[in-house]
Every structure is written in structure tokens, then in C-alpha cells.
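Asks: With the working numbering applied, the first sequence corresponds to residues 12 to 453, in that order.
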Amino acid sequence: MEFEIEKVLPNGLGRVGTIKTAHGEIKTPAFMAVGTRGYVRFISPQELHMLGAQAMLSNGYHLRRQAPEIAKAGGLANISAAFWAGAEATAEHAAREARNDGPERRVAQEAAGYLPGSESWQGPTLTDSGGFQVMSLGSGLGKVVSMEKERHVTNTAHKERLAHVSEDGVSFIDPFDGQPDFIGPEESMQIQCQIGADIHMAFDELTSLADTYEYNIEAMARTERWAERSLREHIKHRDDLGYRQNLYGVLQGGRWEDLRRQTAQTLGKMNVDGIEFDGFGLGGAFLKEDLGEILRWCNEELPMNKPRHLLGLSHPDDILIGAEMGADTFDCVAPMREARHGKIYTREGNINLRKYSDAGEPLDHDCDCATCKAGWTRGSLRALWRSGDIEKKAKYYNLASIHNLRFIVRLTEEIRVAMLEGCFDAYKHDFLTKYYTNADLC
RNA sequence: GCUGGAAUCGUCUAGUGGCAAUGACAAGAGACUGUAAAUCUCUCGGCUUCGGCCUUCGUAGGUUCGAGUCCUACUUCCAGCA
Numbered sequence: 012m013e014f015e016i017e018k019v020l021p022n023g024l025g026r027v028g029t030i031k032t033a034h035g036e037i038k039t040p041a042f043m044a045v046g047t048r049g050y051v052r053f054i055s056p057q058e059l060h061m062l063g064a065q066a067m068l069s070n071g072y073h074l075r076r077q078a079p080e081i082a083k084a085g086g087l088a089n090i091s092a093a094f095w096a097g098a099e100a101t102a103e104h105a106a107r108e109a110r111n112d113g114p115e116r117r118v119a120q121e122a123a124g125y126l127p128g129s130e131s132w133q134g135p136t137l138t139d140s141g142g143f144q145v146m147s148l149g150s151g152l153g154k155v156v157s158m159e160k161e162r163h164v165t166n167t168a169h170k171e172r173l174a175h176v177s178e179d180g181v182s183f184i185d186p187f188d189g190q191p192d193f194i195g196p197e198e199s200m201q202i203q204c205q206i207g208a209d210i211h212m213a214f215d216e217l218t219s220l221a222d223t224y225e226y227n228i229e230a231m232a233r234t235e236r237w238a239e240r241s242l243r244e245h246i247k248h249r250d251d252l253g254y255r256q257n258l259y260g261v262l263q264g265g266r267w268e269d270l271r272r273q274t275a276q277t278l279g280k281m282n283v284d285g286i287e288f289d290g291f292g293l294g295g296a297f298l299k300e301d302l303g304e305i306l307r308w309c310n311e312e313l314p315m316n317k318p319r320h321l322l323g324l325s326h327p328d329d330i331l332i333g334a335e336m337g338a339d340t341f342d343c344v345a346p347m348r349e350a351r352h353g354k355i356y357t358r359e360g361n362i363n364l365r366k367y368s369d370a371g372e373p374l375d376h377d378c379d380c381a382t383c384k385a386g387w388t389r390g391s392l393r394a395l396w397r398s399g400d401i402e403k404k405a406k407y408y409n410l411a412s413i414h415n416l417r418f419i420v421r422l423t424e425e426i427r428v429a430m431l432e433g434c435f436d437a438y439k440h441d442f443l444t445k446y447y448t449n450a451d452l453c
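1) With 16 as the cutoff for other CB atoms within 10 Å, does E161 come out buried or exposed?
2) In the DSSP assignment, find the beta strand (DSSP E) that holds D192 and state where it starts and stops.
3) Output the boundary residues of the alpha helix (DSSP H) element that contains T223.
4) Does the Cβ of P21 have 16 or more other Cβ atoms within 10 Å, making it buried, or fewer, making it exposed?
5) Find out if the Cβ-Cβ distance for the pair P40, D375 is shorter than 7 Å.
6) Give me whichever residues DSSP pairs with N363 in a beta bridge.
7) On the criterion of 16 or more Cβ atoms from any shown chain inside 10 Å, does F193 qualify as buried, or is it exposed?
8) Give the DSSP bridge partners of L68, in chain order.
9) Given a threshold of 16 other Cβ atoms within 10 Å of its Cβ, counted over all protein chains shown, does A174 qualify as buried or as exposed?
10) Under a Cβ-count criterion, where at least 16 other Cβ atoms within 10 Å of its own Cβ denotes burial, should K247 be classed as buried or exposed?
11) When the Cα atoms are used, what is the spatial distance from I54 to H326?
12) Alpha carbon to alpha carbon, how far is D250 from K404? Give it in angstroms, no decimals.
13) Quick check on E115: buried or exposed, where buried means 16 or more other Cβ atoms within 10 Å of its Cβ?
14) Does DSSP put Y259 in a helix, a strand or coil?
15) Quick one: what's got a C-beta closer than 7 Å to R240's C-beta in the same chain, skipping five residues either side?
16) Please identify the residue among T223, G279, L68 and S391 whose C-alpha is closest to the C-alpha of L322.
17) Need the endpoints of the alpha helix (DSSP H) that K439 sits in, please.
18) Just how far apart, CA to CA, sit F291 and W387?
19) Would you say the beta carbon of K354 comes nearer than 6 Å to a heavy atom of the ligand ZN?
20) Taking 7 Å as the cut-off, decide whether the C-beta atoms of P135 and D209 are in contact.
21) If you run the structure through DSSP and keep just helix, strand and coil, what is T218?
22) Hey, out of L410, I202, K445 and C380, whose CA is closest to R421's CA?
23) Out of curiosity, what's the CA-to-CA distance linking L59 and S177?
24) What first and last residue would you give for the alpha helix (DSSP H) that runs through V420?
25) Counting only the same chain and skipping the five closest in sequence on each side, list residues whose C-beta sits under 8 Å from that of I16.
26) Across the segment 287-306 and the segment 254-272, are there enough close Cβ pairs to call them in contact, namely three or more that are closer than 8 Å?
27) By the three-class DSSP mapping on this structure, what secondary structure does M347 have?
28) Enumerate in chain order the residues of its own chain whose CB-to-CB distance from R417 is below 6 Å, with the five nearest sequence positions on each side excluded.
29) May I ask you to list the residues that DSSP assigns as paired with F341?
30) Which residues in the same chain as D289 place their Cβ atom closer than 7 Å to its Cβ, once the five residues preceding and following it in sequence are excluded?
31) State the Cα-Cα distance for the pair K31 and I37, rounded to the nearest angstrom.
32) One question on the structure: do R271 and I305 come within less than 7 Å of each other, judged by their Cβ atoms?
33) Between the alpha carbons of P186 and R389, how many angstroms are there, rounded?
34) Could you tell me the boundaries of the beta strand (DSSP E) in which L293 lies?
35) So, I202 versus G86, is the Cβ gap smaller than 7 Å?
36) Within the same chain, show all residues whose beta-carbon is closer than 6 Å to that of N415, passing over the 5 residues directly before and after it, in chain order.
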């Protein structure tokens, strides 16, 4: 994998570049669409391309059982409709998708034409290691990035712990079928090399905001040991599918400067038989106010010439700060999840669609997404969303997801242009002023 | 006309002696950041110094310490019979 840097900001960290993978290029900064199970919910691969998404991120944890099948088909970016239609995985997959409201849920996806496998994603792909699930199934304190410190432990206090960490890896209960399972660095690498994304993440342990400094030292050291094991295993399999797969080491260390700088140096130099990581994942749960500083600590220590992926963030201020501080790629479920939940992104701040039952105005007055161009208004979209008709709802999820995703993708495109033209600071200031000073902001 | 049955918060609905009264939907507010998330939380008669207070289950009476619940009459609706 090559990474070409075209321009660097005066701060020496933020940059414009191009990542070249076996399945295509990624012009950075870039936002990757999240398709956890190998497809992006409610958005077809063709629609993804049209809205400017350059890459898709899937998850080794969720695809672990289908991984051998995916490998046989030649990897995530090569699987055909026939694969999903014919594979045994389909039955299991459908059962999982349908777990809440029976067949209806699947019918909704079929009706809208968004079942996985109607097409395949032709482009660069990335898989996560399953490390995030250590926390989301385990310590269970939502990965909240909040403006307010008091709020950082929220909404999951009564969760049952489904995952436990040991030196070997993570033992967990699959929340869908209740079966016990285990993933360690070796397992994660084997799974990811079967799925065959262009970029893989080392198996890491994400700590929550509630964890102590002492625990973060322990978890970070474990993540570094896992990183070396990940690299060792990855090297064995990285060419198994006939093209070169790449591995990013993942930085943890919470909100502490000494830990962040230390792990950046350690992972930046880490090698197995002279082979180093191809790039780096910037991980962690962040308070918004700390994000820029933490990224600066990491990226001042990491090698300049390798790409960095900021894991799991996408709010505009986070992306702007991330790009400024040297993150090249991003991914996040928020644009699509929030779309499904009725939050529509606009340049003047986000709106809650519930409040616009009669509104004939566009979603966003300045938007070039397919949904807006097709003339959907706040009112007409709200009517779809609130409809009891499951097919209409599916249509809403499609239209709203496209809008929000395009909004974030476009933001990264504009950041790239602004950086190239040397006006990043002005662009950032203008965007944030407009976006965060509106009274309707939610 | 007779005989049964039914009338509860926008809608549907639970409730057969201690109830401002169940659940669902609708409505309203908030949350969501490497997807256990088409999800979750809160509000949903009025007032409140948050301890309560007031007014409510078709209408009017009655029994009872106490009635949405029991009794009587009336009104309306449904079903069956004329």
C-alpha cells in the first residue's frame, strides 16, 4: 500500500494525501461508510459511490462466521450477489436481522432492495478487529464523546457484561444467539485476512472514559502486546487472497499524554522481522475538549509517511479537528444511525425531523445529495418516516442515510480542497460558525 | 317496543370496592460517534413552595369510611327479537 502526501498544513500535522490500495485509491482526508456486516444498511453500493464514499468499513467481529465463505469468494470487495443469496450465511444473517420484529424487518430491506448482495462494494475496504466490541459488550459504558465531563458515563449502567478480557484475548457471549466465543489477536487476524479488506486493524482493547489511569496503563500495554501478535499473524496471511492486505496498529492510552506519546512511539517503531505496520488507527473514547490535544500527542510521535485512521468519529467538529491534527481517514455510524433516528444534518446545524411535519422546505438549503436533488422536503420525508408502512420507513432510512452520509463525505471533500488551497483555518471557522451557532441546533 | 351488551386521557384499551386510573398507538422533549441501536430515555388531566392539592372513567342520584368498579333512573351506541 502506498501513501502519497500532497500537502501538509503549517502546523505540520494535517495533510492531504492519497492512499493506494489493491481495490482503488482513497483521496484523503476521507470518510468511510460503515458497513459492519459487509454492506451499508439501507444504502446500495451504487448509491454509496454516487454520494462520494470512497471506502467501506466492515467488522471482523460481526463477519467472523462468514469469513471462510468470504475468503472462498475472493474477499469482501469481490463477493457477488450469488454469494449472499446462496450462502448458508444468509439464513443466519436473516435470522439475526429479524431478531426484533420477525420477518417484517427483512421484508423491509428486501422491499427497498438493500439486502446485502444485491450488488457488492467495488472499492477500498477496511475491517475493524473486533476490539471495539471488547468495550461495547464488556465494560458497557457507551463510547461517549461529550462536551460535559459529568455526562461521560451514560445510558448503559444496567448492561450485563458480555465480554471479559484476558492476556490471550476476549471471551464473550454473542448477544444475538447467546453462544460463548473467543477472539484474540491471532483469531482476529485470521478472520480479517479471510474477509480480505485492504486495510485491517490490529486487535486492541478500547477503554472507556470511566477507566482509571492505572487501568489504561495495563490495557495499553496489553494492546501493544496484542499489536505485535497481530502483526506477526497478519504477515503470515496478508497475501492469501492474491493481493496485498495491510495492517494498522491501534493506539490507545486514554487521555494521558505520557501514555499516548509512549504508545505512538512504541507502535510507530514496532516490527516483526523488519516488517512494520502499514498505518495506524487512532483509538479511544474521547471527551470533545480533549480530542485535538490527544491527536496531536499521537501524531507528533507517529511516522509522518504512514496513513492514520481516526476510529469512530464523525461529528463535523471532530472531523475538522481530526483532519487538522493529522488524521487521514474517518469512519462512524453516527450519520446513518442519527438519520434513522430522525436527526438530519444541515449546514445551519442539525434538525430533528419530528418538528417539521408540514415543512415544504428542503432538508438542507445547500445540499447536493441525491435525496435533496430529488426534491424531498422535511415534511415529505417526515411523513415517510412516521408512516406505519414498513416499506415507506425503509425508503425513509435510505433517503435520510444518503443525506447525512453525503453531508459528512462532502465535509471531508471540502476540507481537502481547503487544505490544498491553503485556506483550511478560514474554512473551519466558517463551517463551525454556521453549524454551531444556529438556535435550532440539536 | 322487548331482551341482552357496551360507554374510561386524541384513538384503541386494562381495570368488578382503596385509583389520577393499565397497555398500545399517536403526540411532545432528549440521547446516539471503530452498530447488541428502524434503538433507548423522559413527558403525555390541571395546579404545585414537589409535600401535596384540585378535577376526572356517558348523565343524575343512591349504597359505602371509600365507587371507574355495586344499585336506580336517564342518554347514546351495538347485537338479537318484534
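Glycine included, C-beta positions come from ideal geometry on N, C-alpha and C.
Just so it is clear, the structure is predicted and the values come from calculations on it, not from any experiment.
Replies: Reading it off the structure:
1) By 1-based counting over the first sequence, the position of residue 161 is 150. Per-residue confidence for E161 stands at a pLDDT of 35, beneath the threshold of 50, marking its modelled position as unreliable; no derived number is given.
2) As a working mapping, residue 192 is identified with position 181 in the first sequence. Going by DSSP, D192 is part of the beta strand (DSSP E) stretching over P191 to I194.
3) As a working note, residue 223 is residue 212 in the first sequence. Boundaries for T223: no alpha helix (DSSP H) harbours it, and the DSSP string shows neither H nor E there.
4) As a first step, residue 21 is located in the first sequence; it is residue number 10 there, counting from the start. The residue in question, P21, is exposed, as its Cβ has fewer than 16 Cβ neighbours within 10 Å.
5) Reading the first sequence from its first residue, position 29 is the one you call residue 40. Reading the first sequence from its first residue, position 364 is the one you call residue 375. Using a Cβ distance threshold of 7 Å, P40 and D375 do not count as a contacting pair.
6) In the first sequence, counting from the first residue as 1, residue 363 sits at position 352. DSSP, once it has assigned bridges, lists K354 as partnering N363.
7) The residue you call residue 193 lines up with position 182 of the first sequence. In the assembly as shown, F193 is an exposed residue. Its beta-carbon has fewer than 16 other beta-carbons within 10 Å.
8) Counting from 1 along the first sequence, the entry for residue 68 is found at position 57. Beta-bridge pairing by DSSP links L68 to V45 and L137.
9) Taking the first residue of the first sequence as position 1, residue 174 is located at position 163. So A174 ends up on the buried side.
10) Position 236 of the first sequence, counted from the first residue, corresponds to residue 247. Result: exposed.
11) Walking along the first sequence from the start, residue 54 turns up at place 43. Walking along the first sequence from the start, residue 326 turns up at place 315. A straight line joining the alpha-carbon of I54 with that of H326 spans about 20 Å.
12) Along the first sequence, read from residue 1 onward, the residue named residue 404 stands at position 393. Along the first sequence, read from residue 1 onward, the residue named residue 250 stands at position 239. Pairing K404 with D250, the inter-Cα distance amounts to about 42 Å.
13) As a working note, residue 115 is residue 104 in the first sequence. Because E115 carries a pLDDT of 48, less than 50, the predicted location of this residue cannot be relied on, and no value is offered for it.
14) As a working mapping, residue 259 is identified with position 248 in the first sequence. Residue state, collapsed to three classes: strand.
15) By 1-based counting over the first sequence, the position of residue 240 is 229. These residues qualify, in order along the chain: P196 and E197.
16) Position 311 of the first sequence, counting from 1, holds the residue named residue 322. Looking from the CA of L322, the closest CA among T223, G279, L68 and S391 belongs to L68.
17) As a position in the first sequence, residue 439 is number 428, starting the count at 1. F435 to Y447 is the span of the alpha helix (DSSP H), which, as asked, contains K439.
18) The residue labelled residue 291 in the question sits at position 280 within the first sequence. The residue labelled residue 387 in the question sits at position 376 within the first sequence. Between F291 and W387, the alpha-carbon positions lie close to 40 Å from each other.
19) Judged by which ligands are present, the structure shown has none, so any question about the ligand ZN falls away.
20) Along the first sequence, one-based indexing puts residue 135 at 124. Along the first sequence, one-based indexing puts residue 209 at 198. Against a cut-off of 7 Å, the Cβ pair of D209 and P135 comes out as a contact.
21) Counting from one through the first sequence, the residue named residue 218 turns up at place 207. It is coil, neither helix nor strand.
22) Here residue 421 corresponds to residue number 410 of the first sequence, with the count starting at 1. The shortest Cα separation from R421 among L410, I202, K445 and C380 belongs to C380.
23) Position 48 of the first sequence, counted from the first residue, corresponds to residue 59. Position 166 of the first sequence, counted from the first residue, corresponds to residue 177. Roughly 39 Å between the two C-alpha positions.
24) Counting from one through the first sequence, the residue named residue 420 turns up at place 409. Run containing V420: I401 to E432, per the alpha helix (DSSP H) assignment.
25) Taking the first residue of the first sequence as 1, we reach residue 16 at position 5. Close CB contacts of I16 within its chain, under the 8 Å cut and outside five residues either way in sequence, are with R26, V27, G28, M315 and N316 (chain order).
26) The segment 287-306, when compared against the segment 254-272, does touch it at the 8 Å Cβ threshold.
27) The residue given as residue 347 occupies position 336 in the first sequence. DSSP, reduced to helix, strand and coil, places M347 within a helical segment of the structure shown.
28) Locating residue 417 in the first sequence gives position 406, counting from the first residue. Setting aside the 5 residues that flank it on each side, R417 is surrounded in the same chain by L62 and C380, each with a C-beta closer than 6 Å to its C-beta; the list follows chain order.
29) One-based indexing of the first sequence puts residue 341 at position 330. In the DSSP output, where bridge partners are listed per residue, F341 has F42 and L321.
30) On the first sequence, residue 289 is found 278 positions in, with the first residue counted as 1. If you ignore the 5 residues before and after D289, its C-beta comes within less than 7 Å of the C-beta of M12, N257, L258, Y259 and K317, all in its own chain and listed in chain order.
31) Reading the first sequence from its first residue, position 20 is the one you call residue 31. Reading the first sequence from its first residue, position 26 is the one you call residue 37. Between the C-alpha atoms of K31 and I37 there is a straight-line separation of about 6 Å.
32) Residue 271 sits at position 260 when you count from the first residue of the first sequence. Residue 305 sits at position 294 when you count from the first residue of the first sequence. Yes; because the gap between Cβ atoms is below 7 Å, this pair is in contact.
33) Working through the first sequence from its first residue, we reach residue 186 at position 175. Working through the first sequence from its first residue, we reach residue 389 at position 378. Spanning the two alpha carbons is a distance of roughly 36 Å.
34) On the first sequence, residue 293 is found 282 positions in, with the first residue counted as 1. First-last of the beta strand (DSSP E) with L293: G290 to L293.
35) The residue labelled residue 202 in the question sits at position 191 within the first sequence. The residue labelled residue 86 in the question sits at position 75 within the first sequence. The Cβ atoms of I202 and G86 lie no closer than 7 Å to each other.
36) As a first step, residue 415 must be located in the first sequence, where it is residue number 404. The answer, listed in chain order, is P346, A350 and Y356.
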